[in-house]
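All remarks here apply to the structure that follows.
Protein chains: 2
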Amino acid sequence: MKILIVDDEADIREILAFNLKAAGYEVFEAGTAEAALVGVRQGRVPDLFLLDVMLPGMSGFKLADVLRKEFKNSTPIIFLTARNAENDMLTGFSAGGDDYISKPFSMYEVLARVKAVLRRSSQGSAGQSGELVQAGPVSIDTVAKKVTVNSVPLVLSKKEYDILLMLASNRGRTFSRSEIIGALWKEAPCVLERTVDVHIARIRSKLGEFHDLIVNRAGFGYSIQ
Amino acid sequence: MKILIVDDEADIREILAFNLKAAGYEVFEAGTAEAALVGVRQGRVPDLFLLDVMLPGMSGFKLADVLRKEFKNSTPIIFLTARNAENDMLTGFSAGGDDYISKPFSMYEVLARVKAVLRRSSQGSAGQSGELVQAGPVSIDTVAKKVTVNSVPLVLSKKEYDILLMLASNRGRTFSRSEIIGALWKEAPCVLERTVDVHIARIRSKLGEFHDLIVNRAGFGYSIQ
DNA sequence: TTTTACTGTTACCATTCTGTGATAATTGTT
DNA sequence: AACAATTATCACAGAATGGTAACAGTAAAA
Numbered sequence: 000m001k002i003l004i005v006d007d008e009a010d011i012r013e014i015l016a017f018n019l020k021a022a023g024y025e026v027f028e029a030g031t032a033e034a035a036l037v038g039v040r041q042g043r044v045p046d047l048f049l050l051d052v053m054l055p056g057m058s059g060f061k062l063a064d065v066l067r068k069e070f071k072n073s074t075p076i077i078f079l080t081a082r083n084a085e086n087d088m089l090t091g092f093s094a095g096g097d098d099y100i101s102k103p104f105s106m107y108e109v110l111a112r113v114k115a116v117l118r119r120s121s122q123g124s125a126g127q128s129g130e131l132v133q134a135g136p137v138s139i140d141t142v143a144k145k146v147t148v149n150s151v152p153l154v155l156s157k158k159e160y161d162i163l164l165m166l167a168s169n170r171g172r173t174f175s176r177s178e179i180i181g182a183l184w185k186e187a188p189c190v191l192e193r194t195v196d197v198h199i200a201r202i203r204s205k206l207g208e209f210h211d212l213i214v215n216r217a218g219f220g221y222s223i224q
Numbered sequence: 000m001k002i003l004i005v006d007d008e009a010d011i012r013e014i015l016a017f018n019l020k021a022a023g024y025e026v027f028e029a030g031t032a033e034a035a036l037v038g039v040r041q042g043r044v045p046d047l048f049l050l051d052v053m054l055p056g057m058s059g060f061k062l063a064d065v066l067r068k069e070f071k072n073s074t075p076i077i078f079l080t081a082r083n084a085e086n087d088m089l090t091g092f093s094a095g096g097d098d099y100i101s102k103p104f105s106m107y108e109v110l111a112r113v114k115a116v117l118r119r120s121s122q123g124s125a126g127q128s129g130e131l132v133q134a135g136p137v138s139i140d141t142v143a144k145k146v147t148v149n150s151v152p153l154v155l156s157k158k159e160y161d162i163l164l165m166l167a168s169n170r171g172r173t174f175s176r177s178e179i180i181g182a183l184w185k186e187a188p189c190v191l192e193r194t195v196d197v198h199i200a201r202i203r204s205k206l207g208e209f210h211d212l213i214v215n216r217a218g219f220g221y222s223i224q
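Protein chains in written order, with numbering that gives the first Met the number 0: chain A, 0 to 224; chain B, 0 to 224.
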């Protein structure tokens with residue numbers, strides 16, 4: 000799968016590129032919308048755009064516009080936006096299959112989103128309901144950031160949501176407590192490992208009859224089968 | 000075990016080098032990515048890189064890229080990142096077996112990470128998704144941490160899993176009890192050697208008809224052929 | 001402000017896992 | 001064969017791990 004990163008900050012490009020490559024994607028970079036357009040016109044068409052909104056010269060939105068008009072394609076786009084009052088209105092918004100991630104974002108978040116978008120676009124299912132991560136009766140809309148269990152809405156707190164998403168989007172994989180903390184406690188990675196237990200317990204109690212969706216293996220950690 | 004530290008700040012290098020040496024590692028240093036590359040090209044290849052992301056000249060990511068391309072090796076890399084908006088996205092993230100630690104870090108954190116990474120790579124199990132270790136009918140997914148025998152799931156406890164993985168990823172090699180204890184009882188290496196027997200017995204009984212997968216040679220130890 | 005929800009910690013209990021000693025079985029040696 | 005050394009297996013207690021409730025501090029909302 001080919002991904003084109005368009006961002007004027009070389010550091011960000013590098014971080015994204017390196018880690019996406021490590022995750023097995025083929026990655027191209029461009030520092031400006033104009034450069035990206037040249038590449039695409041020469042035939043280097045990616046399967047997904049990672050597009051900074053704030054670009055010098057042609058903006059990310061303009062580029063998206065041009066791409067849509069010129070190629071009439073439906074290549075999905077993930078917009079990267081700096082977090083400010085203007086862009087906040089975009090957070091969680093999604094239209095025409097596109098998606099927004101606001102800086103600062105975590106690589107974990109980006110990777111999850113990229114994976115979801117590519118899977119969805121390869122499945123050809125339209126994006127009205129956003130990207131869905133399914134795990135048994137649980138369905139997570141990663142755009143709306145809403146969870147349903149057998150179509151019944153489930154209200155989770157941020158941490159509960161994060162943990163459930165991490166487990167659900169890696170079904171079968173067992174995460175140790177320290178892995179979970181390392182991935183989700185970016186601000187203060189110094190919480191006790193027992194904290195994870197408590198969050199798991201809270202998720203389970205909200206899951207009701209499906210409380211055993213999250214499996215624990217003593218000494219290994221937690222997983223969703 | 001050899002570790003190459005690449006960081007432009009001499010102070011940081013010194014602190015890391017001193018403590019890692021004290022912990023028994025062989026340590027090399029480089030102030031720039033270019034210098035590190037020269038050393039590696041001359042044959043001083045470490046078992047682990049500690050790589051600052053923000054280097055003058057060639058960045059840490061670029062160096063990692065070059066190393067991967069030029070040597071096609073899978074030497075693990077731990078990236079050191081200054082804590083700022085850009086690098087926050089990397090905290091706790093891990094892809095392709097690499098790892099991130101953000102400054103300021105504690106030596107305890109670094110040592111724990113180094114130890115974990117080296118153990119992982121010495122067991123021959125890189126961190127990418129679905130790494131399989133096969134041994135006859137037994138197949139071990141080192142990411143999901145699950146074992147199957149002829150595709151039938153096998154539920155093992157942590158210690159049982161560790162022992163089976165050690166034997167399976169070094170097929171044909173016979174490990175004495177003290178070798179097994181030395182490798183797997185890092186925390187409390189003062190258990191009786193008989194303990195290993197008991198764990199082996201428990202694994203064998205779970206293996207059912209394949210109980211003779213694990214072979215013992217009197218006086219030598221255990222192995223999987 | 002008050003109220004509410006969220007998060008992290010602790011404590012207590014249940015469960016699972018692990019190490020040990022006893023004893024039986026096997027292997028190697030004379 | 002007889003003996004010694006080593007390994008296999010069992011049962012049990014203690015240790016480690018996990019589940020859950022209650023509490024307190026904090027942030028967000030009313």
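Ideal placement from N, C-alpha and C gives every residue a C-beta, glycine not left out.
query = Going by DSSP, what residues sit across from B/ASP140 in a beta bridge?
reply = B/LEU131 and B/LYS145
key: Same chain, Cβ closer than 8 Å to A/ALA167, five either side skipped, listed in chain order   = VAL132, GLN133, ALA134, VAL137, ILE139 and ILE223
ask   = Where are the beta strand (DSSP E) runs, 3 residues long or more, that stay fully inside the segment 27–82 of chain A, in chain order?
value = 47–51 and 76–81
ask   = Between A/MET0 and the rest of its own chain, which residues show a CB-CB distance below 6 Å, the 5 nearest in sequence each way excluded?
value = TYR24, ASP46 and LEU117
task = Just mark A/GLY59 as buried or exposed, buried being the case when its beta carbon has 16 or more other beta carbons within 10 Å.
result = buried
message = Cβ closer than 8 Å: which chain B residues qualify as neighbours of A/GLU13?
response = SER58, PHE60 and LYS61
query = Helix, strand or coil: which one does DSSP assign to A/LEU155?
reply = coil
query = Should the segment 2–10 of chain B be regarded as contacting the segment 153–166 of chain B, the criterion being three or more beta carbon pairs within less than 8 Å?
reply = no
ask   = The alpha helix (DSSP H) with B/ARG170 in it runs from where to where?
value = Run containing B/ARG170: none; DSSP gives neither H nor E here.
Enclosing alpha helix (DSSP H) for B/ASP196 [first to last residue] = 193–206
task = Consider the Cβ of B/LYS158: report whether some Cβ of chain A lies at a distance smaller than 9 Å.
result = yes
Close Cβ partners of B/ILE14 (< 8 Å) along its chain, the five nearest in sequence each way excluded = MET106
A/SER175 versus B/THR141: straight-line alpha-carbon distance, rounded = 13 Å
query = In whole angstroms, what separates the C-alpha of B/ASP51 from that of B/HIS210?
reply = 48 Å
query = Mind checking A/ALA16: buried by the 16 CB within 10 Å criterion, or exposed?
reply = buried
query = By the criterion of Cβ-Cβ separation under 7 Å, what are the contact partners of A/GLY218 in chain B?
reply = SER156 and LYS157
query = Among residues of its own chain, excluding the 5 on either side of B/ALA35, which ones have a beta-carbon nearer than 7 Å to its beta-carbon?
reply = LEU3, VAL5, ALA29 and LEU62
message = Using a Cβ-Cβ distance cut-off of 9 Å, determine whether A/GLY171 contacts chain B.
response = yes
inquiry  = Just to make sure I have the definition right: I need the residues of chain A whose C-beta is within less than 7 Å of the C-beta of B/LYS144. Which are they?
reply    = THR173 and PHE219
message = Quick test of your reading: A/ILE213 and A/VAL195, contact by CB under 8 Å. State the CB separation rounded to the nearest angstrom.
response = That pair is no contact at about 11 Å.
Rounded straight-line distance, which links the Cα of A/ARG203 to that of B/LEU191 = 40 Å
query = Of all the residues that make up the segment 17–51 of chain A, which are near chain B by a beta-carbon distance shorter than 7 Å?
reply = PHE17, ASN18, ALA21 and ALA22
query = Does any CB atom of chain A fall closer than 9 Å to the CB of B/ASP232?
reply = Any property of residue 232 of chain B remains undetermined from this structure, which presents chain B solely from 0 to 224.
ask   = Going by the beta-carbon positions, is the gap between B/ASP64 and A/LYS20 smaller than 9 Å?
value = yes
Within-9 Å CB hit, A/ASP196 to chain B = no
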